[in-house]
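Numbering (my numbering), first residue to last: 185 to 333.
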């Protein structure tokens, strides 16, 4: 991804000024920054970063990303940290093949040796059925029929 493009995490910053430095090895300063950078890693298909930021106790042995998944929108609902523990609640909208889905999750994070790691999350998935005249779930502000429909 070009560093001048908008960051997938929805921060309104350029990718190079937002999540790219984390993808290149800089430590995320907060659980929310790590969660946003992990969302962006899904969007740019950076499985190595996802594995590296997943806590060793809960990291899957093999992480594969689906090439036909398109991550479209991230909304952070809440974020907190206390000492070396953190929580982030978020909603992510994505498209898999021709199906629209919304992922809601409360994620837990832990800080070890100055770095935050994703520990686990309580996730739920909801299928979306946008109508032609509904707002597009991608977050463009356009009607579905004029955008992704």
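Note that beta-carbon positions come from the ideal geometry of N, C-alpha and C, so glycine has one too. In this text the structure is predicted, and so the values were computed from the model without any measurement.
At least 7 angstroms separates the beta-carbon of residue 288 from that of residue 303.
Residues 187 of the same chain have their beta carbon placed closer than 6 angstroms to that of residue 204, with the five preceding and five following residues left out of the count. In the same chain as residue 328, and ignoring 5 residues on each side of it, the C-beta atoms closer than 8 angstroms to its own belong to 314, 315, 316, 317, 318, 319, 320, 321, in chain order. In this structure, the straight-line span from the alpha carbon of residue 238 to that of residue 208 is close to 16 angstroms. The C-alpha of residue 312 lies about 11 angstroms from the C-alpha of residue 280. Note that the stretch 239-248 does not touch the stretch 264-279; fewer than 3 beta-carbon pairs, one per stretch, sit closer than 8 angstroms. In the DSSP annotation of this structure, residue 254 is not part of any alpha helix (DSSP H); the continuous beta strand (DSSP E) holding it starts and ends at 253-266. Under the three-state reduction of DSSP output, residue 324 falls in the coil class, being neither helix nor strand. Across the structure, residue 192 and residue 206 are spaced so that their CA atoms are roughly 13 angstroms apart.
Sequence-distant partners of residue 226 (beyond 5 residues in either direction) whose C-beta falls short of 6 angstroms from its own C-beta, in its chain, are 255.
For residue 243, no beta strand (DSSP E) encloses it, and the DSSP letter there is neither H nor E. Only buried fits residue 216, as 16 or more other CB atoms lie within 10 angstroms of its CB.
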